[in-house]
Structure formats: structure tokens, C-alpha cells
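1484 is the number of the first residue of the sequence shown in my numbering; add one for each residue after it.
Positions of the beta carbon are idealized from the N, C-alpha and C atoms, including for glycine.
A quick write-up on the structure given underneath.
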Amino acid sequence: MGKALEGVRVLDMTHVQSGPSSTQLLAWLGADVVKLETPGRGDITRGQLRDIPGVDSLYFTMLNANKRSITLNMKSEQGKEVFTKLVENTDVLVENFGPGVVDRFGFPWERLSELNPGLVYASIKGFGPGRYADFKAYEVIAQAMGGSMSTTGFEEGPPTATGAQIGDSGTGVHLVAGILAALYQRTSTGRGQRVQVAMQDAVLNLCRVKLRDQQRLAHGPLGEYPNESFGEDVPRSGNASGGGQPGWAVRCAPGGPNDYIYVIIQPVGWKPITELIGKPELANDPEWATPEARLSKLDKAFALIEDWTLKHTKWEVMDQLNAHNVPCGPILSTKELIEDDTLAAIGAVVEVPHPQRGSFKTVGCPIKLSDSPVDIETSPLLGEHNDEVLGALGYSPEQLGELRTAGVI
């Protein structure tokens, strides 16, 4: 069975996380992704946070599956000649260098488009045009400047980063959407185009409900928030859902750091909850029966639920609540996730063989296509596919030997 992006050729000039997360998705969906790396070193994450000396780190392997790797010295004239041929024979070029780096190599967008009018040139930057354009950005900086940190954490605590990599991998997913849109438009126009996503913009997009609430503040306090007072900004609200249905994380037995379950109280769920916690009289009590009546005492409502959940494990609570169609979710630790049989069975967590480390576990492709199943393959060794990729461009074994001797590849 064919792959959705079979025949699409991607030249991957990305490094660290935001770009590689994007090109890995393209590779999973069937594109031929060739990762271009610096000779002798490669993507800096190959050596970062290593758990096995001399072996590509999990940081690298978990972001570069299903790709091929070539090495190229872009500062040499021969390297630029090779790069020119690569550009002429690719559909998508992806990079996440600092502003202007590719231009300084001698390949601004105008030159790239001249070499290949059908090229889709996709870039991730920290910020869009304007005051912040030349600033450096990292994951948590994007969270800080995109609205996430100011609205994450508890009211009396400091701004808090989220464990989800919404700045890096979140931006990568946004870039994939732009790339696919550009490829689709090319089918009717025949032309490629620039695709750009800023990390700050991507985080801001993911924080849109907080901008919604910022505007609602003009009309009074936010009733679904547990905060007692409101200033000019959307406050940090702990584990409150921030939506139309109130939710909170309540403690469970035996009381470990992740022995919690997140419970949402829907109007139809209140009656079965009261029965489970041994307070059936609250189902029809005017002081508790309606969402409006409970709104001013949600802390007390969840305290009553917690009195019950503390007597059970989070798994027992999950089964009992789900039996009554009450939305809930146990707080799963990273250990529980990586060992979860259900996630393994559906391919959400997969084990991948690696020629040096033996095998490692990683996330599977979250996008499921009925006619294009994804097989997760190992990440490439540095320069593993030099001969294969450059040979296909017409370089002979003798020429490849000369390029190696000259330090070009």
C-alpha cells in the first residue's frame, strides 16, 4: 500500500526540535526526507543529553526517524554546487536557522526560486517581522512570549512552563500544515512558495482561549475560574478547565505524586457523582442541583469528590466514573505512559531497533490514515546515505571520494 506523501522529496536543513519534529511527520507520512548535516558533527542533538557514550542521543533518535542523512560543508564552493543540485531535485526545503543564515550561504529565497520554481521553502523562526524579529527563541521563551506561561500555574505561584513542547513541536505541526497547503496549491499553479511559522505565533494560536477570556474580563469576573478576585489580566487558575464544564485534579490512593485523576462535572454527571460519593441527597438539593448553584462552591464540590477518590486508586476511580459516563482521566506519569499496553497496541508508543543502541521507545505517528499506514523506522547515522543520495544526483564513486577528501561531505 502506498504512502500519502510518496514521491515528495524533502531537503531537511533543520536541527534541534522544532524543525525536525516537522520533517519527521512528513517522513512518517511517506515523504523522502533527506537530512542535511554538518560533516563530522551533524545535528547538535546527536551529542546532547547522551545516555550512552558515543551513541546518538534519544533527543536525536526520537525526532529524526524515517529520514536519510547526508553531510555537506555549505561554506565550500563544491558544497554549494552540491547544494544547488539538491535544491533543483527537491520539492520542499525546510530550515530553522536563525534569521538570514541561509541567505548568507548565498541562497536567498529569490535564488532558490530561480533554481527551482516549484520549490516550497519552509522556515521556522522565533518571531515574525517587527520588534522581535532578530531575537533568539527557545521552547520556554516561546511559551513566555506567546501567552502560555502567564496563564499556567496556580494563582499565588510564579508563571509556569508546560511540559508539552508547544513552542518547538507545536510550531513543527503548524509548519506541516503550511507545507501541505503549499504543495496542494502547487498542483494548480505549478509554483512553489515561502511558508513561514513563528514560534511565538504558534504558541499564541494554541492559547487563543486565554485571549478570549482577556476580552471577556471587560464584562466582569470569569465565573468558571476558581479565582476570588480578578485584575486586568487573565489569571493563573491552577487545574481549572477554563471551559464551560468545570474540572479539577483530585487526589487518589495511595497518595503518590501522580495519584490524581482529573474529573469534569457535567450537568448530567452530577447525579451519578453524588451517588458514587455517597451523597445522593445533593442531586436534588437546590443548593447543589444546578451548575449555577454549584458555581460559587466548586472548591467544595471537588473536595467532596476527593473525599471519595482518596479511598480508591486512580484506575478504580476511572472505571467507576466511566461506567456512569462521567468524563475523567487519571494523571499518567511518563513511566506509566511508556509502559502502557494499550498505547503500545495502537502504536502510540513504539519500540524501534537502532544499529548502535539496540532499541529505544518513541512516540508513534499521531496521524492515522486508513490507506497510508505508518511504519516507524530508525533514525539515520551521520552521513549514512551520502553515496545513495548524491549518487542519484549523478556523482560517481570517484567524485564522491574526492568530495570526502576535500571535506565537502
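Item	Value
Quick check on DSSP: helix, strand or coil for Lys-1563?	helix
Does the separation of the CB atoms of Val-1910 and Asn-1572 fall below 8 Å?	Residue 1910 lies beyond the residue range present for the chain, which begins at 1484 and ends at 1892; the question has no answer from this structure.
Looking at the structure shown, is Gly-1812 part of a helix, part of a strand, or coil, going by DSSP?	strand
What first and last residue would you give for the alpha helix (DSSP H) that runs through Thr-1554?	Thr-1554 -> not in any alpha helix (DSSP H); beta strand (DSSP E) instead, spanning 1551 to 1554.
Just checking, does the region 1642 to 1661 make contact with the region 1727 to 1743 on the three C-beta pairs under 8 Å criterion?	no
In the DSSP assignment, find the beta strand (DSSP E) that holds Thr-1845 and state where it starts and stops.	1841 to 1846
Pick helix, strand or coil for Leu-1687, following the three-state DSSP scheme.	helix
Might you give, ordered along the chain, the residues of its own chain that have their beta carbon closer than 7 Å to the beta carbon of His-1837, omitting 5 neighbours on each side?	Thr-1544, Phe-1843 and Thr-1861
Under the DSSP definition of a beta bridge, which residues are partnered with Ile-1744?	Val-1733 and Pro-1813
Whole-angstrom Cβ separation of Val-1499 and Ile-1527, contact assumed at under 8 Å?	7 Å
Where does Lys-1780 sit, in a helix, a strand or coil, going by DSSP?	coil
List the endpoints of the continuous beta strand (DSSP E) containing Ser-1606.	1603 to 1608
If you draw a straight line from the C-alpha of Gln-1507 to the C-alpha of Thr-1554, how long is it?	18 Å
DSSP has Asp-1515 in a bridge; who is on the other side?	Arg-1492
Out of Val-1565, Gly-1589 and Asp-1617, state which residue places its alpha-carbon closest to the alpha-carbon of Pro-1582.	Asp-1617
Under a three-way DSSP split, which group does Leu-1700 fall into?	helix
Identify which residue in Ile-1829, Leu-1569 and Gly-1502 has its Cα closest to the Cα of Ala-1907.	Summary: the structure shown does not reach residue 1907, with the chain confined to residues 1484 through 1892, and so no result is reported for it.
Roughly how many whole angstroms lie between the Cα atoms of Met-1682 and Lys-1608?	6 Å
By DSSP, does Gln-1481 sit in helix, in strand, or in coil?	Given a span of 1484 to 1892 for the chain in the structure shown, any question on residue 1481 remains unanswerable.
Name the two residues that bound the continuous beta strand (DSSP E) containing Leu-1576.	1575 to 1578
I need the straight-line Cα distance from Phe-1610 to Thr-1796, nearest angstrom please.	45 Å
Cβ atoms of Val-1832 and Ile-1821: under 8 Å apart, would you say?	yes
Can you find at least 3 beta carbon pairs, one from the region 1658 to 1674 and one from the region 1596 to 1608, that sit closer than 8 Å?	yes
Return helix, strand or coil for Ala-1627, following the three-state DSSP convention.	helix
From this set, Asp-1768, Glu-1489 and Asn-1547, which residue's C-alpha is nearest Pro-1501's C-alpha?	Here the sequence assigns Ser to residue 1501, which means Pro is not the residue at that position. That would be Asn-1547, whose Cα lies nearest to the Cα of Ser-1501.
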